[in-house]
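In our numbering, the protein residues as written are 12 to 1071. The beta-carbon is built from N, C-alpha and C at its ideal position, and this holds for glycine as well.
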């Protein structure tokens, strides 16, 4: 068995050459380890990502090269080696020390000047010190020094010989202990000469120690923090020391220059004063960096804070792209490079944060004189803003100029007191309370072209939208009783032509708010009640609704309908959600929640921009411009909410936002390109990943699904180069996702996910990765009032959907003949010891069929064996076999297409209700027997034929067999591998007929061979850099395995001594 046990040499330095195992073969594999460090080298960014180093082009922000260095160890830093930068005319190269945990090694980066291609050369052994390394330096004389976590310095190779060129003798190792013995959580070596070094150490006792690396004498003890110190940065030139801590704060200390002269040699004589405590983060603060005269901090809450380094004043605060804990920070000019614990890497422009002392984009005020009246409506299109007033004046301004004033005023008497406006493609349309609609050309001034009476009485809304199939500009007007007219603007006649009259369904507020033409003769209309309706524009068709999604966006209204760059139909509303819609045979379907954010209250506009999707939204009175792809807010400003007249738009790369304020119009303008966050590596999950499964293997890609603690399901595509790319985010779980199960349905997949709060969701995944949430089910609990004065209330059951039960595992299988009866049977087990069986038919509701008392212990695993038998395992280590007996009833035949149509008007975002469809068959369940597979909990289970493999908390792998004797079916243990891993096992998977793959919290992946059908023999073991491993899934025809936990990683299964 190929293992990686480390050997200790005679002088206490651990050597582990096998830490470099599979470095060549894994450099292109998917990796989402924590990005703990970043630096700038020439015109490139170099980052540490888990156990790998990666190089990105600074200008194009594209990946250049990647290489695995420390197998199973997370890298924490890189340090340049002096006198190793060479220029051969055609190429440049530099050497660095890379370290993580107790290990360090040397790596060379070489660039070809002509092609600008970077090669990562790695052929050095891996060394390990006996303690955690916080800082590591190499000096001009070739010696090295390291700061270790027990507050000591270690010097080695004080001669010219480097440790990488041969063995080290005992005389080359030298220790220097600090006078104060304690544990460090951070530290920095200060100085460039090995005999003049100082140390700034952050301790677990909430103090920063400044001490001499030669004598161990402590010069300064900096106090103030109330938690352990996570980082210490000393800026001698600026005379500052900056620290971050577990107490959710950063602190600034000033070194009085007059007392030390700006060098580390005199640091012992300096006076250090506490300047400010910076509180702006909601949780632990990990990193800090100076940026000109300001300070940038990032932390566990996923926010970036900008501070004035002199006063400690908070200048700006913004959530980083993708959210999640930020573990690395690099400042380069106006760019901030952010690395996440979840493996994300992004670059933002500091201008996107509210600042002082930095160049700002434009903001200006255009006042209105009192005689013009108050602002009624604002409309922005093609860089022009038109404002209508209560006195019938229409004011025009060109936003792209530097004049910033009203260039034209048109008085329209018919629109005094009341008017609504719309603007599209250089045309302005306005309507009044008498039912008239006027058309204007918008150029240097407003020129009226047409005026027509369209409605009897007041027009409540005027919506302009384009017809991409004919190129015409169209207008939708709403009058009394929900009567609407669709009009086309004819350029030749310079007038509106009525196309079709439509009627909104009866409701409390019958007023259209948005419209989208989705085909030549079909349009979608959203209204103030959150509904979306499908209408036909065919003259021979009726004027009523063809299909509808009632109350999709809640009672406060639908705000926008758009198509994105991938031609998906999207809707937004005042519920703060974006939904993906689809049209099938004139039936309107809500596929899923396309995007939502926990803090954003409502969305006003969907703004497609190039290949990105921007949202204009509001949060607690602040206006936000948010990028969906990077999940980053480009612009934030206090506006008091969106109840006043406002509008926004993009012209070229400029975003304009205009709003009414008192008797004026405020306009803000920013460059979208400058503020867009460039996501070099998108986070797959920002928190721990609990489960994964493979959906498809195609010729050039694999599709997997993952679920985790962030209440999110994510469908990702792994390319043939093993690069993983998040593709579809599935919202719907209100707590963590614990398990997923997949069932084939012809070319599509039925996906079932379970998790906290007793929630089960069924999804339909098409091969083109379009997804529809079919239904969801909660465990309903009774909520009794315990009111002694009103005892009758104790008998009334008030349901609540926040059950304390947490589902831990789920399994699904199809019913025998899927063409005739597309029904699926689901088993979910959880923390309340109950085994629950469900039945689901496409287009109907999830129907509970029966429950089984699993005993006194939490149920952890379950798996269907056949149509009538399944397994369940619990924390008592028992593997139980159950038999299911069904009295099948005749159910109507249906197909998946018809079922989807039948569910088109169902609101999949709300809790499911009992369907009136065919009653599921009655079910009875009987335990056929059990086997004691483990001493405690069973964390992993997989089945191949009659063999069952399990892994448990007792570190053992157990093989069990399902036996049949006449009508009796039983389960029996046939093999147990004790201490198969060093810690509890979290995953087992059969690979083919004769191999088993296992993984564990110990970060090992082991391949076992089945011998004689009853015993296991280890073949090889590989290490993963993923911490807290939760499970894995095979893909690419069982050639690779995706490991998930705190991050994710792909490793090859075909490597090692055993060929599969």
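Between the beta-carbon of residue i and the beta-carbon of residue j, is there less than 8 angstroms?
i	j	result
residue 260	residue 288	yes
residue 319	residue 293	no
residue 666	residue 636	yes
residue 989	residue 967	yes
residue 619	residue 576	yes
residue 749	residue 702	yes
residue 394	residue 406	no
residue 327	residue 364	yes
residue 233	residue 283	yes
residue 453	residue 442	no
residue 194	residue 160	yes
residue 47	residue 59	yes
residue 644	residue 634	no
residue 889	residue 933	no
residue 83	residue 1035	yes
With 16 as the cutoff for other CB atoms within 10 Å, does residue i come out buried or exposed?
i	result
residue 696	buried
residue 827	exposed
residue 350	buried
residue 517	exposed
residue 1051	buried
residue 710	exposed
residue 392	buried
residue 879	exposed
residue 422	exposed
residue 1044	buried
residue 833	buried
residue 920	Caution applies to residue 920, whose pLDDT of 40 falls short of 50 and renders its modelled position unreliable; the value that the coordinates give is listed next. Per the 10 Å Cβ criterion, buried.
residue 591	buried
residue 332	buried
Just list the residues that DSSP pairs residue i with in beta bridges.
i	result
residue 658	669
residue 716	704, 726
residue 76	66
residue 501	506
residue 495	489, 513
residue 1017	1009, 1032
residue 824	836
residue 109	89, 116
residue 475	486
Skipping 5 residues on each side, what residues in its chain have a beta carbon closer than 6 angstroms to that of residue i?
i	result
residue 571	525, 583, 616, 617
residue 511	497, 548
residue 527	535, 572
residue 150	205
residue 896	935
residue 399	387, 388, 405, 430, 432
Who are the near neighbours of residue i in its chain, counting only those whose CB is closer than 7 angstroms to its CB and skipping five residues on each side?
i	result
residue 199	146, 211, 243, 244, 245
residue 529	535, 580, 594
residue 433	390, 440, 473, 474, 475, 486
residue 655	670, 671
residue 215	193, 194, 196, 239
residue 143	112, 113, 159, 160
residue 93	149, 150, 151
Which whole-angstrom value describes the C-beta separation of residue i and residue j, a residue pair presumed to lie in contact below a C-beta threshold of 8 angstroms?
i	j	result
residue 256	residue 240	5 angstroms
residue 376	residue 675	5 angstroms
residue 722	residue 747	6 angstroms
residue 962	residue 1012	Their Cβ separation, rounded to whole angstroms, is 11 angstroms, which puts residue 962 and residue 1012 out of contact at 8 angstroms.
residue 136	residue 119	The Cβ separation is near 14 angstroms, so there is no contact.
residue 1060	residue 1054	5 angstroms
Once the 5 residues before and after residue i are set aside, which same chain residues still bring their CB inside 8 angstroms of it?
i	result
residue 586	541, 564, 565, 567, 613
residue 727	695, 714, 715, 716, 717, 735, 736, 737, 738
residue 871	819, 820, 840, 884, 885, 886, 948, 949, 950
residue 519	540
residue 849	771, 788, 836, 837, 838, 839, 857, 858, 859, 860
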